[in-house]
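Working notes for the structure below.
There are 4 protein chains.
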Amino acid sequence: MKVAVIGCGTIAHAAHIPSYLKNPDAQIKYFCDIIPERAAGAVEKYGCGEAITDYQQALADPEITAVSVCTPNNMHPTISINALRAGKHALCEKPAARTYAEALEMQKAQHETGKTLNIGVVNRFNDGVNLIKQYIDAGKLGDVYRVYASFRAHRSIPGLGGAFTTKAIAWGGALIDWGVHYLDIVMYCCGDPKVKTVTGEVFSKLGRDMKNYAYINMWAGPPDYSGVYDVDDSITALIRTDGPVVTVNGAWAENIGEAEQYIDFIGDKAGIRLQYGSDFTVYTAEHGSLVRYKPEYKSRDHFQNEIDAFVRCVATGEKLASHIDTVIVTAQMMQAIYDSSERHCEIVL
Amino acid sequence: MKVAVIGCGTIAHAAHIPSYLKNPDAQIKYFCDIIPERAAGAVEKYGCGEAITDYQQALADPEITAVSVCTPNNMHPTISINALRAGKHALCEKPAARTYAEALEMQKAQHETGKTLNIGVVNRFNDGVNLIKQYIDAGKLGDVYRVYASFRAHRSIPGLGGAFTTKAIAWGGALIDWGVHYLDIVMYCCGDPKVKTVTGEVFSKLGRDMKNYAYINMWAGPPDYSGVYDVDDSITALIRTDGPVVTVNGAWAENIGEAEQYIDFIGDKAGIRLQYGSDFTVYTAEHGSLVRYKPEYKSRDHFQNEIDAFVRCVATGEKLASHIDTVIVTAQMMQAIYDSSERHCEIVL
Amino acid sequence: MKVAVIGCGTIAHAAHIPSYLKNPDAQIKYFCDIIPERAAGAVEKYGCGEAITDYQQALADPEITAVSVCTPNNMHPTISINALRAGKHALCEKPAARTYAEALEMQKAQHETGKTLNIGVVNRFNDGVNLIKQYIDAGKLGDVYRVYASFRAHRSIPGLGGAFTTKAIAWGGALIDWGVHYLDIVMYCCGDPKVKTVTGEVFSKLGRDMKNYAYINMWAGPPDYSGVYDVDDSITALIRTDGPVVTVNGAWAENIGEAEQYIDFIGDKAGIRLQYGSDFTVYTAEHGSLVRYKPEYKSRDHFQNEIDAFVRCVATGEKLASHIDTVIVTAQMMQAIYDSSERHCEIVL
Amino acid sequence: MKVAVIGCGTIAHAAHIPSYLKNPDAQIKYFCDIIPERAAGAVEKYGCGEAITDYQQALADPEITAVSVCTPNNMHPTISINALRAGKHALCEKPAARTYAEALEMQKAQHETGKTLNIGVVNRFNDGVNLIKQYIDAGKLGDVYRVYASFRAHRSIPGLGGAFTTKAIAWGGALIDWGVHYLDIVMYCCGDPKVKTVTGEVFSKLGRDMKNYAYINMWAGPPDYSGVYDVDDSITALIRTDGPVVTVNGAWAENIGEAEQYIDFIGDKAGIRLQYGSDFTVYTAEHGSLVRYKPEYKSRDHFQNEIDAFVRCVATGEKLASHIDTVIVTAQMMQAIYDSSERHCEIVL
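Protein chains in written order, with our numbering: chain X, 120 to 468; chain L, 120 to 468; chain A, 120 to 468; chain P, 120 to 468.
This is the structure:
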């Protein structure tokens, strides 16, 4: 199966490309980027493929079976939809789209073409997350009545003034960049419950005065002070579902110097705290005593898991947990948080 | 000034009585408790005062200037109102009342009699809390756009099956017993902002099956398995004010074994994390560098501060920060959280 | 811009050469050392440049724009002056010269030729030191009335019996080798105040009986027992300026086994202790409480900063904080300490 | 032997009175204080003696052999001189006097009367200090060429606004209150060398704006904001003697939050750091290796040692190390530091 990687930025290099290279059933035919040096650089670095600047060239190639969409958020819908309509399967990086309306358009195109459209919610391919899901599914936690998702950082705004912080490109900041993962893990582990009410507020504070934003390191940096900063760097929300009530606190940057990045699944029999990107702890009671432990498990590279599953499902027609039909609810929740913040009131879905 | 202590339980012994004894301008004339042994025990222990079981006897004594109401929550309104109408000044333990309606009755009686009615929101007399208030008032934190109040414990249900866990007596659990302090500190430090919307959910989970509630220590214990457990042991809420947005997570008990009991005041210039009952950390930036520090300050006993201020204000007519007029908003917020939880939707005030 | 590195010892390899190699606007044309193997070794190691043993050959080359003088102290004046008179810009390692008279000669040559003469006071390019300067300049410390500079070590005599410990070559020991940095940081951060009185004593003790000098490690070693040891290994001084009063204690070696290497800037509003070569702590008071914190900041390689600034200033004519005109006062202070020690009385400048 | 304790403040209660009470050969006949309650309080507390307010009454009593002068500094000379002239032996608390001129008057009276006049330099009766003196006298340290005395505190101004901080009463602050001990220990251990030059500066900074002086605890407190603060809270000095050069840094309060209270005796064979009020460390070299150790020794109460020695010397005529003849040099040094600070230049003695 021949694929095209569209967009040759950080996520392509860190995740998609090396995983395709290690998959025995896939072959990268095109590296596409509107910046010619980036496309050419990938060809040179990996010693394979062809550099192109127009993704339509890949879509027009009948040898191409599937594409990975690794561009900034604003291009996700157009490229994905065009790929589907050109008969290609697509793995589109998260978030699916900037707005819920765009995500619905993508879903519509998937339904009409019947081609696979998966979203890069890579945590659904994380072995630790899947183990938590097994605990919950098996009833070990009892009734999971409440979840707390915390993605708070002291100073982690990426690429200040660039694509990440420009609303016209990324649509949102901390919520859409980090929150999407947390909300997706919660929904996945809790069995994708139906969302009922959403209230929330988002804030654009610490990056506003770009020159005075103090930091030590910057991912996707350095700052472009001539750029734009108009996205959220801090958010809070309370979401009722027909499963647990979900409370959310998040910040790319805030004036509290504690990195608190975890999800608490709180059940009446047991609870689990997942340290994001790391391991998890189970808290429960046995015979009147209180116990806590960290399961040890084999953890494979979850990007590799994701790409392998994508390649496999293209072949088999299997519907993965990252299918747009399952994942679209996250777009709906994020949209509702932004809407609630704008109107300063709760949204009933 | 002669006072009567009404209710001789834990809070009376731990706070009110020793503080009155150390205040040079106050003298305890009556120890009142409906359990005669408790009243008599206090007289014997402190070597002063008279033991009574009917608080009306104290209210009828013209020598009595003021009373401390240290009973379970359900008796707060009646005793306080009767005391005011009998021409006494009153310091009523927190929460003012079970419901907002009851609190309004108490406020009405205060307005009609002109006598002092203060609530035992002791953190308004805590030197650390007052120092935080100074930082915020002086603009050090800039715009405090968001607050996170966390009063989460692993296993801390008090007196399972007793007055604390019986709705008819206490009205609520974790929110009304602990949350009242956190909400009060937030309102106090942030300048008592106006509340606009409240959404929240409360849960009564871990204590429900009383026999199977696993714990190590129990405050106000031991359990009375023949008693009642029908209050909240876990809560979450999101509150918009005309100042900061306030997110709340709290639990007397939950299956996450981390004690996270702090309040984050998050401003655009600096932030403060107050470890409840302990010290606080300031986080800010200076000349492009990130700094954090814990101020060292003199910390006096805050119950003593509270009683001293109460005795003083009775003499001077001074209106304290713990006056029912200021504090009643907390009753309104807690009522709204309970209402929101019952209706599963946001309350607009 | 083509440069010659004159003297290929420790400081050249550790600082000047790698920094020139990383600077995109500079190119090393000559490695010069009177020991032919050293010059040749540098050419081989870095794979560039030409090895020479006579620095006059570099001065005679019209392609050479600037030189780094990295020789022992005794050659600093002659080489720097000859370089300036040959029309080259010069970066001369610290100390500028052995005596104040020599330093004045160097300054005179700079004035007459108009070529740049900077001294390697590298701490003026240290990000932490510059942050302290910002704190002081911004008034955060209030009136800095007193400074204590401590550069005390237990056993750190370098190259016993070699150039460092031979007065005819180095002129001084602990004061001229280490003290120069401390005095320079003090003067720089405090705004280069005018010096008024200097009293001090220097001691040559622990290295005198070379064979019996006990030590664990020796920098620039091993000992040459056939060499000379006639410099100061311990010093103390008290300096009045029109800014702070500066107290100094220093030792390459002394029989107190505590490494106390810091500078205290003591103001009436706040104070700063800089741990030499590391971070710093700010001590102040806020709202009656005492606070202390260590700012976190980005710290780049200060030798790179220094070389980059030197290359830049040659191109732009910018006068750096390391210009001989600014830095010469340190030579004056050290001269005065040596003079005061010899006469055992205070020197009034 | 019957004694009178003149001045019943902190030092009398902490040191003189209990030590006399434990000495089998002494008996307190009078407790004298110009505040009648203090004198009466002492009689009541110790169950002995007679309370008087006029010390002349004690001097007129032929039964009285000796007096302890425990008043504020300003009364030391007058009372001591009057006592000597009345035929009494005197133990006068440190400092002997406010000025060197006053101390000379006291010495003159001692010489004329032949009665004992000892000063309360209690460290000369400290077992640890005496052990250090033995090390030095025995040549263990070799040539002690240099001493560093550091008595620096973060926040330790005593009795702000009271006798300690009022120049008219105490004459000086940190130097005269704490420095006197450090200088005395240095002189004692080093064999009372002859002083040659003194340069120094004293500062009155942190206590000046009394209301804004931040502190946690205050000895001899609380502050009297209606009082006076015009003494030194920070000092530095450099003193040449015919023995070691002595460098001094001291502060009752300064904006560096490190308590550095020690004396370094630095010899060419070994060094000793005495932690003031605690133990000491010896640093030396043996067989080419570096060694450090803390001698363990029996440490008796040094106030008891002092009083016992005073009682004994009155009986035997023995001349103690605390005799005015030996101790007066400290008064001379402190005077010279104050003079040097006023003239901003070195004083040659």
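Where a beta carbon is used, it is the ideal one built from N, C-alpha and C, also for glycine.
In this structure, Q454/P sits away from T284/P, with a CB-CB distance that is not shorter than 7 Å.
Within the stretch 146 to 178 of chain X, the beta strand (DSSP E) runs of at least 3 residues that lie entirely inside it are, in chain order, 146 to 151, 169 to 171. Under the 7 Å criterion on CB atoms, I183/P is classed as non-interfacial with respect to chain L. With contacts defined by Cβ atoms closer than 7 Å, A282/A and I288/A form a contacting pair.
Linking S397/A to V365/A through their CA atoms gives a straight-line distance of about 21 Å.
Straight across, the Cα-Cα distance linking I130/X with C189/X is about 7 Å.
Contact between the stretch 316 to 336 of chain A and the stretch 348 to 359 of chain A is established, with three or more Cβ pairs separated by less than 8 Å. With a threshold of 16 other beta carbon atoms within 10 Å, D387/X meets it and is buried.
Classified as exposed, W338/X has fewer than 16 neighbouring CB atoms from the shown chains inside 10 Å of its CB. Rounded to whole angstroms, T316/P and N193/P show a C-alpha spacing of 27 Å. With distances taken between CA atoms, K213/A lies nearest to A134/A out of I154/A, A134/A, A177/A.
Annotation for V347/X: G280, T284, T285, K286, A287 place their beta carbon closer than 8 Å to its own, counting only its chain and skipping 5 residues before and after. About 5 Å separates the CB atoms of G369/X and G298/X; that is less than 8 Å, so the two are in contact.
Residue pairing for K121/L: DSSP places it in a beta bridge opposite Q146/L, I183/L. A straight-line Cα-Cα distance of about 16 Å links G261/L and V410/L. Contacts with chain L at 7 Å (Cβ-Cβ) do not include V263/A. Using a 10 angstroms sphere on the CB of R431/L, the tally of other CB atoms stays under 16, which defines it as exposed.
In this structure Y139/P is in contact with V122/P, their Cβ atoms being roughly 6 Å apart against a cut-off of 8 Å. D387/L carries a coil assignment under DSSP once its states are collapsed to helix, strand and coil. In the displayed model, H406/P falls within coil according to three-state DSSP, outside both helix and strand. In this structure, the straight-line span from the alpha carbon of D458/A to that of Q451/A is close to 10 Å. Each residue's CA atom was taken as its position, placing R274/A and R327/X some 52 Å apart. Here T235/P is not near V367/P, since their CB atoms are 7 Å or more apart. Annotated as proximal: I238/A and S441/A, with beta-carbon spacing under 7 Å. Restricting attention to G128/P, D444/P, T449/P, the CA atom closest to the CA of I304/P is found in T449/P.
For E415/L, the nearest CB of chain P lies under 7 Å from its own CB, placing it at the interface with that chain. For H195/P, the enclosing alpha helix (DSSP H) begins and ends at 195 to 204. Under the three-pair Cβ rule at 8 Å, the stretch 194 to 202 of chain L does not count as touching the stretch 163 to 171 of chain L. For K207/X, the closest C-alpha among the options I447/X, L468/X, P196/X, A177/X is that of A177/X. Listed along chain L are E415, K417, each with a C-beta nearer than 7 Å to that of I335/P. Judged by DSSP in its simplified three-state form, L260/P adopts coil rather than helix or strand. Neighbours of Q394/L in chain A, taken as residues at a C-beta separation under 8 Å, are lacking, since the least C-beta distance is about 15 Å. Of all alpha-carbon atoms in N424/L, R392/L, Q380/L, E461/L, the one lying nearest the alpha-carbon of R271/L is that of Q380/L. Separation of E437/X and F429/X (C-alpha to C-alpha, rounded to the nearest whole angstrom) is 9 Å. Close to L250/A, with beta-carbon spacing below 7 Å, are these residues of chain L in chain order: H406, S408. Across the structure, P342/L and D427/L are spaced so that their CA atoms are roughly 35 Å apart.
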